[in-house]
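Enquirer: Would you mind keeping the following structure in view while I ask a few things?
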Amino acid sequence: MATLREIELRLKSVRNIEKITKSMKMIASTKLAKAQRAMQNAKTYGQANSGLQKRSSPSGGKKLFVVVSSDRGLCGGIHSSVTKQARRLIADGNQDARVVVLGDKSKSQLVRLAPDNLLLTFNQIGKDVPTFADAAVIADYITKSGAEFDSINIVYNRFVSAISYEAAVVEVANEDALREAPNFKQYEMEEDEFSIANAIYASLMEGHAAEISSKRNAMDNASKNAGDMIGTLQMKYNRGRQAAITNELVDIITGASAL
Amino acid sequence: MSAYWRPFFSFNKYSQISARALRNSLKESERLAAEKRGLTGLRYQKWEGGQGGQQTWIDPPESTGSAAKSA
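If you read the protein sequences in the order shown, they are chains A and B.
Under full-length UniProt numbering, residues 1 to 259 are what the first sequence spells out, in order.
Under full-length UniProt numbering, residues 1 to 71 are what the second sequence spells out, in order.
This is the structure:
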């Protein structure tokens, strides 16, 4: 049983931690509303692309993976969920696929797992709501990089609800692959890079919303745990204090009775 | 007037240019809100054989004295 002084110090530090995590949770809750609204607007961009994919059903081939995460920590299992999914896909027959990583957290994980597959990495993501300009620039660099691929697979966190997310993959076929697809005659499209930018924009937005909701939940759990710890520590402290007082009383009384 | 810009740049670039023109033509209050949607603050890094290249800003920020991260 630790001394009273130690328990008091611990109590103070856990109280501070609880204040910090509570305020982080508040911030994340307010950001979540805005991010969710922006995500709903961005979904229409992605839907146009996925409709095209479904109807023309191009065959697979050489893949390029785009892993969407962010730079910030303390947001639950967001980054590892995306990294795990990407690693599974790479090991599943795509060992020589190139990977573009958005976000430092996933980058540091993937550098350890698959360093030779990396093509490009971007950071400064997650500070603010992503813009289409970000997605356009990323698509620009991907096409300019000269890497060969038949389709781009974007690995991101799909926003299932305010308390859950899951890793998902969205596919964007390359121009040539689409042209050979059976039902493509129904469509008239020449813009390869624009469809990539669309899909990246939709997944960036959804990943951002998923990250904020996961951060909110993580901070909520942390505050609850901190609150529980404060409760038990407080009990310990009170018991220790009372024991000390009782001991002093016993000393005084035995001392008095000995006189 | 059909796509005379095709040989010079992609549709992506074309839509960005026209978006910028549209934003500049808005009323002042709306323009400030729309300006934010056209900004990009990313940095990129090329990788070859497991080695990362230099981190470079796509759109360098003009602020002086802010130490840029390097990895």
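Think of the CB as a built atom: it goes at the ideal place given N, C-alpha and C, for glycine as much as any other residue.
#1: Taking the beta strand (DSSP E) that A:L64 belongs to, which residues open and close that run?
#2: Contact criterion: CB-CB distance below 8 Å. Does A:E148 meet it with respect to chain B?
#3: For residue 322 of chain A, which of helix, strand or coil comes out of DSSP?
#4: Apart from the five residues on each side of it in sequence, which residues of its chain come closer than 7 Å, Cβ to Cβ, to B:S63?
#5: Does any residue of chain A bring its CB to less than 8 Å from the CB of B:I17?
#6: What in chain A is Cβ-close to B:N24, meaning under 7 Å?
#7: Using DSSP with H/G/I as helix, E/B as strand and the rest coil, what is A:K215?
#8: Mind reading off the beta-carbon distance from A:L11 to A:Q234? Whole number of angstroms is fine, and I expect it under 8 Å.
#9: Out of curiosity, what's the CA-to-CA distance linking A:D104 and A:S80?
#10: Taking B:K13 as part of the alpha helix (DSSP H), name the residues at either end of that continuous run.
#11: Is it right to say B:G65 is buried, meaning 16 or more other beta carbons lie within 10 angstroms of its own, or is it exposed?
#12: Could you pull the start and end residues of the beta strand (DSSP E) that B:A45 belongs to?
#13: For the structure I just gave you, are there three or more beta carbon pairs, one from the region 123 to 134 of chain A and one from the region 142 to 158 of chain A, closer than 8 Å?
Expert: To lay it out plainly:
#1: K63 to V68
#2: no
#3: Residue 322 of chain A lies beyond the stretch modelled for chain A, which goes from 1 to 259, so this question has no answer here.
#4: Annotation note: pLDDT 49 at B:S63 (below 50); position unreliable, coordinate value reported separately. Here the set comprises nothing.
#5: no
#6: Per Cβ cutoff of 7 Å: no residues; B:N24 is ~15 Å from chain A at best.
#7: helix
#8: 7 Å
#9: 12 Å
#10: F11 to N24
#11: Residue placement at B:G65 cannot be trusted, given a pLDDT of 40 that sits under 50; what the coordinates show is reported in the next sentence. By the neighbour-count rule (16 or more Cβ atoms within 10 Å), B:G65 is not buried but exposed.
#12: First, the residue type needs correcting, since residue 45 of chain B is Gln and not Ala in the sequence shown. Run containing B:Q45: R43 to E48, per the beta strand (DSSP E) assignment.
#13: no
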